[in-house]
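Mind the numbering: the sequence shown is residues -24 to -1, 1 to 311 in mature numbering (1 follows the signal peptide of the UniProt record, and there is no 0), read in order.
Just below is one structure, and these are the notes that go with it.
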Amino acid sequence: MIRKSVLPLAVAMMSLMGLTGCGAFGDEDPAESAAREPADGDASAQAQHALPYDVKPLLAPDKEYFGVALDGAPTSLKPVDAFAKTVGKKPNLVGSYSSWGDGFNAKGAKNVFEDGSLLYVSWEPFKPGLGTIADGSQDTYIKRYAASVRETNVPVAISFGHEMNGHWYPWGTKKQTPDNFVKAWRHIHDLFQDEGATNVIWVWSPNVVNPVPDVKLKAYWPGDAYVDWTGVVGYWTQTGAKTFDTLYGPTLRQVAGFTDKPVLISETSAEPGDRRRADVRQLLGGVEQNKDVIGFVWFNIPKRADWRIQSSPLALAEFKRLIADEAFGFEVPKS
């Protein structure tokens, strides 16, 4: 459910492509690899018998999520602590990237949860294809992943196949169809439900539509029963959209035509340059003012550009000033 009334939606922005921390893997079949992988040693037997963590109170919070993606996190929280010291506030959502075939990072999920935050996993199906996922060929891997999530029994947000409406990923428009994506998403979701992994917040996360206006998002929508949040990936560039409305608005308006799920700006940052301070102001101001938006995840990793907020003193000062507002951040409850 949407928390508050909608401010005029306006949005749009050119997102840079392929900025996420993706990892490729070798020729080994992920399902076979997962079948041999031992269960995470930290997943206690007690967790299997405990009441499942109820994520419902996290879906539409009164305050905004303040998220960040950092090298080294969440396996270690030292990068998170250093970032918190830099910006003057601890994030309560930690972004991470996981290639298809990787095991679930139970240790990282527990680290983040014990620190009062939520782990956000961008699950990237570089291979195999979506059809192979949908037809059941990867079920051994998916079930093992889901079982690990269930046994860890802390809240986890998972975004499968982010930016599916773009052409720059192998699960995108060049090699896959909307039908393939929807079938794969639903199949994964159903297997998680069958395994009792109900401690997941499912995040459907397209790229902003500005660079791909002819790709309609509704065709990629798995359905309200399969999604908890709508995520939006969109970066601020020196030559792109200058306002929150022009960057994200067209996407938010299109999405509002078929769902009212809460919106998370699921991956964003601002390109270094003269506009960066103003871009930071637009982002944080827009998130706070648009009450359908429940927060953002700042990509603070140098990749193809130095996206780290500390690389620009003026932008950092503006970020610190705005993030200090009590509207941003809250402790994720332990139960």
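Where is the CB? At the ideal position from N, CA and C, for every residue including glycine.
Fair warning: this is a prediction, and the values are worked out from it, not measured in the lab.
Its Cα nearest to that of Ala246, the residue Ala291 stands out among Ala291, Asp236, Trp205 and Ala232. If the five residues before and after Val263 are omitted, its C-beta is found closer than 7 Å to the C-beta atoms of Glu40, Ile241, Val269, Gly271 and Phe272, all from its own chain and listed in chain order. Three or more beta-carbon pairs separated by less than 8 Å are not found between the stretch 58 to 71 and the stretch 157 to 171, which leaves the two stretches without contact. DSSP links Phe136 through a beta bridge to Trp99.
Here the alpha carbon of Gln214 sits roughly 8 Å from the alpha carbon of Asp250.
Listed in chain order, the non-local C-beta contacts of Gly107 below 7 Å within the same chain comprise Asn156, local neighbours out to five positions each way being set aside. C-alpha of Arg120 to C-alpha of Asp204: approximately 22 Å in a straight line. Ala133 and Ala173 have their C-alpha atoms spaced approximately 12 Å apart. For the options Lys237, Asp111 and Leu260, the alpha carbon positioned closest to that of Lys32 is the one of Lys237.
The DSSP assignment places 269 to 275 as complete runs of the beta strand (DSSP E) inside the stretch 256 to 301, in order along the chain (cut-off: 3 residues). Close CB contacts of Gln258 within its chain, under the 6 Å cut and outside five residues either way in sequence, are with Thr219 and Phe220 (chain order). Contact annotation: Pro50 and Asn81 have beta-carbon atoms nearer than 8 Å. Looking from the CA of Met140, the closest CA among Ser75, Asp30 and Thr153 belongs to Thr153. Setting aside the 5 residues that flank it on each side, Ala195 is surrounded in the same chain by Pro154, each with a C-beta closer than 7 Å to its C-beta; the list follows chain order. Taking all protein chains shown into account, Leu94 has 16 or more neighbouring C-beta atoms within 10 Å of its C-beta and is therefore buried.
Between the alpha carbons of Val88 and Val176 lies a gap of roughly 15 Å.
Taking all protein chains in view, the Cβ of Ser311 is surrounded by fewer than 16 other Cβ atoms within 10 Å, so the residue is classified as exposed.
Straight-line spacing of the CA atoms in Asp78 and Tyr145 works out to 18 Å. Counting along the chain, Thr116 sits inside no beta strand (DSSP E); it lies in the alpha helix (DSSP H) bounded by residues Asp115 to Thr128. Cβ contact annotation for Gly64 (same chain, cutoff 8 Å, sequence separation greater than five): Lys296, Ile299 and Ala300, in chain order.
Collapsing the DSSP output to three states places Asn141 in coil. Straight through space, the alpha carbons of His138 and Pro278 are spaced by roughly 20 Å.
In the three-state reduction of the DSSP assignment, Thr222 falls in the helix class. When DSSP reads this structure, Leu69 sits in a beta bridge with Gly43 and Leu94.
DSSP places Trp180 in the uninterrupted beta strand (DSSP E) bounded by Val176 to Trp180. Boundaries for Gly107: no beta strand (DSSP E) harbours it, while the alpha helix (DSSP H) harbouring it runs Leu106 to Ala110, taken from the DSSP string. In the three-state reduction of the DSSP assignment, Val158 falls in the helix class. Annotation: the continuous alpha helix (DSSP H) that includes Leu35 extends over Lys32 to Leu35.
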